[in-house]
Structures are given as C-alpha cells and as structure tokens.
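Student: The structure that follows is given in the form of structure tokens.
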Amino acid sequence: KNDTERKMPLTVVIDTNDVMTLMQQEIFGPILPIMGYKDIQEVTQYINARPRPLSLYIFSFNHEFQKHILQNTHAGGVCVNEATFHVACDDLPFGGVGASGTGQYHGDEGFKTFSHAKSIFSRGRLTLAHLLFPPYGKMIHKLVYKLFIR
C-alpha cells in the first residue's frame, strides 16, 4: 500500500457525552471530540472531576475565559486555539501528569527527564568538619572566645 492509504483524516466528533468510549480514554490520533457547556464553572468542574489530561485544548478568543481555565485546571500541557502544533514545539516541554504519565520530553526538559544526574559527595583526607559539631575541645572554646566574646 502507498502512504496515502495509511493516513487517518482529522475526525471531529460533535455532541459527545460521558458514556462514549471516546470520552473515557486518552486519544492518540487525529480525533477531536467537541463538548458544549452552559457556563465556565461547568467546564472547570468537568475537567477537574476526571484524571488530569495529557493535553487540554481551549478554543476561545475570550482572554478571561482562557485565564480562568488555565488557572483552575491541571493538564500535561495546554493549547489555546490550536490542536496540532503543541507536540511539534521542540522548546516546550511535552508530557503528562498523574495517570497521563510523568516526565516531559523536548528541549532541556527532555534531557533532564531521560538522564540520571548522579549525586556524588566525596570527602578528602583532611577535613575540618569535626570542628563544627560537639563535643568541642579547648581549641574551639578559645577560638569562639577570641572571635565573639573578647
């Protein structure tokens, strides 16, 4: 088969409801379910009552609406008035939270996610650390007296 036969077209599904399998699982494909709402509280309550999504797509030019959704919901990432370029922005971290996954990839965040920073602490032969903790000897008492009491 040629490449054109292996592609799925963008599919928009309108009038979705919670009973649909489409609305109960994460979607990995060119399928965009559309949900209507009565008021902004209904939107945030609906989103927050479910596992945090990998991506949240807001289609609105109302800046107050956008701000409300951004400040009152959680998602791995958010797109405003866009649905296809989110994952293509190499400088933006991309990844989920909670049941949608942990960690992010792309750019610096991807390097940190897929790398293991090994912490190494090594003490040399000579150390003065023992002078900082009790029991204090005569030398420390003399030093404290000279520095602070005089």
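According to my numbering, the residues represented by the sequence shown are 845 to 994, in order. Positions of the beta carbon are idealized from the N, C-alpha and C atoms, including for glycine.
1) To the nearest angstrom, how far is the alpha carbon of residue 857 from that of residue 866?
2) Taking 8 angstroms as the threshold (C-beta atoms), are residue 878 and residue 860 in contact?
3) Please state the DSSP three-state secondary structure of residue 887.
4) Is the Cβ-Cβ distance between residue 901 and residue 923 less than 8 angstroms?
5) Under 8 angstroms, do residue 921 and residue 899 count as touching if we go by C-beta distance?
6) For residue 972, which of helix, strand or coil comes out of DSSP?
7) In three-state terms, what does DSSP make of residue 914?
8) Consult DSSP for residue 875 and reduce its assignment to one of helix, strand or coil.
9) Please report how far the alpha carbon of residue 874 lies from the alpha carbon of residue 863, in whole angstroms.
10) Hey, quick one: how far does the alpha helix (DSSP H) through residue 902 stretch, first residue to last?
11) What is the DSSP secondary structure of residue 988, counted as helix, strand or coil?
Tutor: On the basis of the data shown:
1) Each residue's alpha carbon lies about 9 angstroms from the other.
2) yes
3) helix
4) yes
5) yes
6) Coil, per DSSP.
7) If DSSP states are grouped into helix, strand and coil, residue 914 belongs with the helices.
8) Strand at residue 875.
9) 20 angstroms
10) First-last for residue 902: 899 to 902, but that is the beta strand (DSSP E), not the alpha helix (DSSP H).
11) In the structure shown, residue 988 sits in a helix (DSSP, three-state: H, G or I).
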